[in-house]
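Below is one structure, written out as C-alpha cells, with a few remarks after it.
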Amino acid sequence: MKISIDSCRHLFGAAFIGGAMVLGAGVAHAEKLTVIVGGMEKQIYLPAVLTEKLGYFKDEGLDVELINSRAGVDAENELLAGAAQAVVGFYDHTIDLQSKGKFIQSIVQFSQAPGEVELVSSKYADQIKSPGDFKGHTLGVTGLGSSTDFLTQYLAMRNGLKQGDYTLLPVGAGNTFIAAFKQDAVQAGMTTEPTVANMLKSGDAKVLVDMRTPDKTIEALGGPYPAASFYVQSAWLETHKEDAQKLANALVKTMRYIASHSGEEIADQMPKDYYVGDKDLYVKGLAEGKAQYTPDGRMPKDGPETVLKVLATFKKPLQEKQVDLSKTFTTEFVDKANATLDAAK
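Structure (C-alpha cells):
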C-alpha cells in the first residue's frame, strides 16, 4: 500500500492532535490511585469508604479506586507487587515487613485499638474461658500471616501456651467466619464488627477477649495497639509527597467527622448492604467500637513499641533484627492536614 505525502501530513496532524488531547486529559484528570482495603465492609476500615462517600477524595482532586481484599496479608502482597499505591490494613504489617527488608509506612492512623474480638463458640463456652484454654482447639483467623493471626498467637503465648498447642485455621471474615462456627470447624476465632454483633445476637458465640476500645486493648495486650491504618511503600512516598498530602487531608477530615458524629449519622453515609439487613445492629456495633478510632489520624503515643513487643514474642526475625520504628510511620502529612483544618476554623 502506497501512502502519499499529503496522507502522511494528514496522519501526522491527526496523531499530533490526538497526542495533545491525551496530554490535555492528563492535565485535566488526576492519575488514578488504587487503594486495596483488607475488607471494605469491616467497621475497622470504615474510614476509607466513608471518605469516598463524603466526597473528600474528590475535594482534594484525587481519583481514588477502592478495591476489596479478603485479608490484610493479601492486600500487603498486592502493594509490594505494585498493583496498588496504598493499602488500608493493620499497622503491624509495617514492622513485620521491615524485618524482611521491605519498607512501608503508615501515613494516616485510623485506629488506636485493633477493633477485634476473640469470640468463643457458645458450644464451647464452658471449656474455653480464657486464651489459656485454647490448647487442643482450632482457632479461626482471617488468614495466615494476617493481623488476627498475630494477635491470636500473642494472646495464647501471654496466657502460657506455645505454638503447637493449638491450630490456626484461615476462615476469612463475615459469612465465611460465621459458617466456620456453625459447622464446628473452629471453636473460637477473631473477627470485627459488624460480624461480632451478628453472632452475639444469634447466640452462636460469646465474647472471650474484647479489643474494641483502647482501655480493653491495654488490658488484653499490655499496651496501646494502633491497628487500622493507611500505608504505602516508602519508595512511592519519596516521589509522591503531593499525592500523600492530599490523601492525608481527605482522611484526616474523615477522622474528625467520625469523632464529631454519632454512630447512626456515620451509618447513614455507608452502603446499605454493609448493614447485613439490620441497621440497628450495625449502629450498635459502631457505637460500641467508636472509641477505637483516632480523632485526628495521628499515631498514639507508645503504640509502635507495643506492636513491636507483641510481634517479637513469636516472630524470630524481629527478635534477631533491630527494627527502626521511625521508618514504619510518619506524622508529617497528618500534622499538616490538622494544621490546615485548625487554621480554617
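Basically my numbering = 1-based index in the sequence shown + 445. No residue lacks a Cβ here, since even glycine has one placed at the ideal position from N, Cα and C.
Straight-line Cα distance separating residue j from residue i
i	j	result
lysine 487	glutamine 767	33 angstroms
lysine 547	aspartate 571	44 angstroms
glutamate 563	alanine 633	7 angstroms
valine 616	asparagine 513	17 angstroms
valine 755	phenylalanine 626	27 angstroms
alanine 425	lysine 790	Because residue 425 is not part of the residues shown, which for the chain are 446 to 790, the question remains open.
glycine 581	tyrosine 569	12 angstroms
methionine 715	lysine 498	7 angstroms
valine 623	tyrosine 599	One detail in the question is off: residue 623 reads as isoleucine in this sequence, not valine. Rounded to whole angstroms, isoleucine 623 to tyrosine 599 spans 23 angstroms at the Cα level.
lysine 651	proline 492	27 angstroms
valine 467	aspartate 508	Note that valine 467 has pLDDT 40, beneath the 50 cutoff, so the model's placement of it is unreliable and the number below is only indicative. If I take the Cα positions, the gap works out to 17 angstroms.
asparagine 522	leucine 511	16 angstroms
aspartate 578	glutamate 683	47 angstroms
lysine 503	glycine 734	28 angstroms
glutamine 690	serine 705	23 angstroms
alanine 785	serine 771	According to the sequence shown, residue 785 is threonine rather than alanine. Roughly 24 angstroms separates the two Cα atoms.
phenylalanine 703	valine 494	The sequence shown places isoleucine at residue 703, not phenylalanine. Whole-angstrom Cα-Cα distance: 12 angstroms.
aspartate 629	alanine 601	20 angstroms
phenylalanine 457	leucine 589	Summary for phenylalanine 457: the model assigns pLDDT 36, below 50, so the residue's position carries little reliability; its value from the coordinates is reported in the next sentence. Roughly 56 angstroms between the two C-alpha positions.
leucine 696	lysine 686	15 angstroms
glycine 721	glutamate 561	According to the sequence as given, residue 721 is valine; it is not glycine. Looking at the two C-alpha atoms, the distance is approximately 19 angstroms.
glutamate 765	leucine 692	35 angstroms
aspartate 541	lysine 717	35 angstroms
lysine 761	glutamate 664	25 angstroms
threonine 597	aspartate 787	39 angstroms
valine 641	serine 575	18 angstroms
alanine 618	valine 631	13 angstroms
6 angstroms Cβ shell around residue i - same chain, five flanking residues per side excluded
i	result
asparagine 694	Glu505, Ala782
tyrosine 719	Glu486
threonine 658	Ala558, Ala736
glutamine 678	Ile549
leucine 763	Ser544, Leu756, Ala757
Test item: CB-CB of residue i and residue j under 9 angstroms
i	j	result
lysine 698	threonine 539	no
threonine 479	alanine 526	no
glycine 500	tyrosine 490	no
tyrosine 676	leucine 524	yes
threonine 593	arginine 515	no
valine 752	valine 553	no
glycine 534	alanine 673	yes
proline 671	serine 551	yes
leucine 653	arginine 603	no
glycine 742	methionine 700	yes
leucine 614	glycine 585	yes
alanine 774	glutamine 608	Reading the sequence as shown, one finds phenylalanine at residue 774 and not alanine. Cβ atoms of phenylalanine 774 and glutamine 608: not closer than 9 angstroms.
aspartate 655	phenylalanine 595	no
valine 532	isoleucine 573	no
asparagine 643	aspartate 723	yes
glutamate 476	aspartate 660	no
Cβ distance (whole Å) where residue i is taken to contact residue j below 8 angstroms
i	j	result
threonine 662	proline 749	Rounded, the Cβ-Cβ distance is 14 angstroms, inconsistent with contact.
aspartate 747	proline 669	6 angstroms
threonine 583	threonine 612	4 angstroms
glycine 648	serine 567	6 angstroms
Own chain, CB closer than 8 angstroms to residue i, minus 5 neighbours either side, in chain order
i	result
valine 472	Since pLDDT at valine 472 reaches only 40, below the 50 mark, its modelled position is unreliable, and the value read off the structure follows with that caveat. Contacts found: none.
valine 728	Gly708, Glu709, Ala712
aspartate 769	Gln543
threonine 776	Arg743, Met744
aspartate 610	Phe579, Lys580, Gly581, Ala601
Proximity test, residue i beta-carbon vs the ligand ATP heavy atom, cut-off 8 angstroms
i	result
alanine 757	Although the ligand ATP was asked about, the structure shown includes no ligands whatsoever.
Contact set for residue i: own chain, Cβ-Cβ below 7 angstroms, skip 5 residues either direction
i	result
lysine 646	Leu726
serine 556	Ile489, Pro671, Ala672, Ala673, Gln737, Tyr738, Thr739
alanine 732	Gly708
Quick check for students: name the residue ranges of the alpha helix (DSSP H) that lie wholly in the stretch 526-567, counting only runs of 4 or more. Runs found: 537-543.
What are the complete beta strand (DSSP E) segments, minimum 3 residues, inside the stretch 647-721? Listed in chain order, the complete beta strand (DSSP E) runs (minimum 3 residues) inside the stretch 647-721 are 650-656, 673-678.
Where are the beta strand (DSSP E) runs, 3 residues long or more, that stay fully inside the stretch 570-612, in chain order? Correct list: 583-586.
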